[in-house]
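For the sequence shown, my numbering gives the first residue as 11, with consecutive numbering after it.
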Amino acid sequence: MAPRFSRPCGASLAALILAVVPMAAQQAPPEAPVDRLYDLSYRNAGDAELKLDVVRPDGGGGPYPALLVIHSGGWREGSREEARRLLGPLARRGYVAVAPEYRLAPQNPYPAALLDLKAAVRWLRGNAASLRIDPQRIGAIGFSAGGHLALLLAVTGPNDGYDTEAGKGAPSSSIQAVVNFYGPTDLTATDFPEMTADMVKDLLGGTAIQKPELARQASPVTWVSAGDPPILMIQGSDDDTVPVNQSKKLEDAIKKAGIAGRIHIVPGAKHGFDDTKLPEALGQAVEFLEKNLKGKAAGKG
11 MAPRFSRPCG
21 ASLAALILAV
31 VPMAAQQAPP
41 EAPVDRLYDL
51 SYRNAGDAEL
61 KLDVVRPDGG
71 GGPYPALLVI
81 HSGGWREGSR
91 EEARRLLGPL
101 ARRGYVAVAP
111 EYRLAPQNPY
121 PAALLDLKAA
131 VRWLRGNAAS
141 LRIDPQRIGA
151 IGFSAGGHLA
161 LLLAVTGPND
171 GYDTEAGKGA
181 PSSSIQAVVN
191 FYGPTDLTAT
201 DFPEMTADMV
211 KDLLGGTAIQ
221 KPELARQASP
231 VTWVSAGDPP
241 ILMIQGSDDD
251 TVPVNQSKKL
261 EDAIKKAGIA
271 GRIHIVPGAK
281 HGFDDTKLPE
291 ALGQAVEFLE
301 KNLKGKAAGK
311 G
């Protein structure tokens, strides 16, 4: 395994698609046409014009549940283009699949990326009619650092200080279901491997010891409370980049808060799954989303 968040996930994307497409064929043929809307501007943040890609079922219909696919990269690299190959198979399953870009650390430390993704959710809701999205059914799936950000979308609400820039009357940034593939949940932890601790340092603009309150705020476990949407965590038993106890910490928190959710441990998998581990993991994710997003679960408002 290469010593980066993005490499394991990036290396597994081809296998991920091979796992998704057969399942997508249960809903529509794997080569069924989809409607691709690339390079849509959703936010200006300083000098950055942020864009997202949307792929939706072709031929009208809807409204459909929307699913953000949040890329990996240790918060400091990666791009929405990595997720493009996932969007078509998801659209063929009946989702409006969305790959947003977000600002990267260390140039843009926390909470820049989270603010961007919240703006993306608000943009989707504001354009729900033209995109054929059901605004009450928006979810997120994220990989590694993207999983961490997806979790923060799920567990932070309008009273947590991350929506102040939206303005009165703006659409909600809440989501209704989340799948986290091997992303960290507690950035105050002291047992991260050195390479992971370096990434956390870049995200925070300092170590967790130097910036304990910011590390706490950037940790999904901090924000878990009653009313959060269903959460599925998927992680390999042999993950040597994000310790498995990171997922277990969040599982304990959601159980205590009475949140629907669980952790699914993939035996023998490291950080980023190879093609022998992905089918089981993707099956769990798709089953969870079919139940909790297409079935409309309620999240924070």
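Virtual Cβ for every residue (Gly too), placed ideally from N, Cα, C.
A quick note: this is a predicted structure, and the numbers were derived from the prediction, not measured.
- Query: Below 8 Å, can you find three or more Cβ-Cβ pairs linking the region 231 to 240 to the region 179 to 192?
  - Reply: Per the Cβ contact rule, the region 231 to 240 is in contact with the region 179 to 192 (3 or more Cβ pairs under 8 Å).
- Among residues of its own chain, excluding the 5 on either side of A225, which ones have a beta-carbon nearer than 7 Å to its beta-carbon? For this step, residue 225 is matched to residue 215 along the sequence shown. Within the same chain, A225 has close Cβ partners L197, T198, L214, A218.
- Query: What three-state label does DSSP hand L214 in the structure shown?
  - Reply: Here the question's residue 214 lines up with position 204 in the sequence shown. In this structure, DSSP gives L214 a helical state, which the three-state scheme calls helix.
- Query: What does a CB cutoff of less than 8 Å around G268 pick up in its chain, not counting 5 residues either side in sequence?
  - Reply: Residue mapping note: residue 268 aligns to position 258 of the sequence shown, counting from 1. Correct list, in chain order: A236.
- Query: Alpha carbon to alpha carbon, what distance is there between L62 and S313?
  - Reply: Outside the displayed range of the chain (11 to 311) lies residue 313, so it cannot be described from this structure.
- Following the continuous alpha helix (DSSP H) through L224, name the residue where it begins and the one where it ends. If you number the sequence shown from 1, residue 224 lands on position 214. L224 -> alpha helix (DSSP H) spans 222 to 227.
- Item | Which of helix, strand or coil DSSP assigns to A55 | Taking the sequence shown and counting its residues from 1, one reaches residue 55 at position 45. In the displayed model, A55 falls within a strand according to three-state DSSP.
- Does the pairing of the region 76 to 84 with the region 149 to 156 give three or more beta-carbon distances under 8 Å? Contact between the region 76 to 84 and the region 149 to 156 is present: 3 or more CB-CB pairs across the two stretches fall below 8 Å.
- Item | The beta strand (DSSP E) enclosing Q146, as first and last residue numbers | Numbered from its first residue, the sequence shown carries residue 146 at position 136. From DSSP, the beta strand (DSSP E) with Q146 extends over 143 to 153.
- Check whether the Cβ atoms of S247 and I273 sit closer than 8 Å, and answer yes or no. By 1-based counting over the sequence shown, the position of residue 247 is 237. By 1-based counting over the sequence shown, the position of residue 273 is 263. No.
- Please name the residue, chosen from F202, Y74, T286, that lies closest to V252 on a Cα-to-Cα basis. Residue numbering aside, residue 252 sits at position 242 when the sequence shown is read from its first letter. Distances from the CA of V252 to each of F202, Y74, T286 were compared; the closest alpha carbon is that of F202.
- Message: Check whether the region 171 to 180 and the region 122 to 129 are in contact - that is, three or more C-beta pairs closer than 8 Å.
- Response: Yes: at least three Cβ pairs fall under 8 Å.
- Q256 to V296, Cα distance in whole Å? Residue numbering aside, residue 256 sits at position 246 when the sequence shown is read from its first letter. Residue numbering aside, residue 296 sits at position 286 when the sequence shown is read from its first letter. Rounded to the nearest angstrom, the two C-alpha atoms are 22 Å apart.
- Got a sec, what are the start and stop residues for the alpha helix (DSSP H) P230 sits in? Indexing the sequence shown from 1 puts residue 230 at position 220. Boundaries of the alpha helix (DSSP H) harbouring P230: 230 to 233, taken from the DSSP string.
- Note down the Cα distance separating D212 from G71, rounded to an integer number of angstroms. To locate residue 212, count along the sequence shown from 1; it is residue 202. To locate residue 71, count along the sequence shown from 1; it is residue 61. Annotation: D212 to G71 spans about 44 Å, alpha carbon to alpha carbon.
- Return helix, strand or coil for F298, following the three-state DSSP convention. As a first step, residue 298 must be located in the sequence shown, where it is residue number 288. Under the three-state reduction of DSSP, F298 is assigned to helix.
- Reference G271; option with closest CA among V165, W85, G98, F283: Here residue 271 corresponds to residue number 261 of the sequence shown, with the count starting at 1. Taking G271 as reference, the option from V165, W85, G98, F283 with the minimal CA-CA separation is V165.
- Could you give the DSSP three-state label for K128: helix, strand or coil? As a first step, residue 128 is located in the sequence shown; it is residue number 118 there, counting from the start. If DSSP states are grouped into helix, strand and coil, K128 belongs with the helices.
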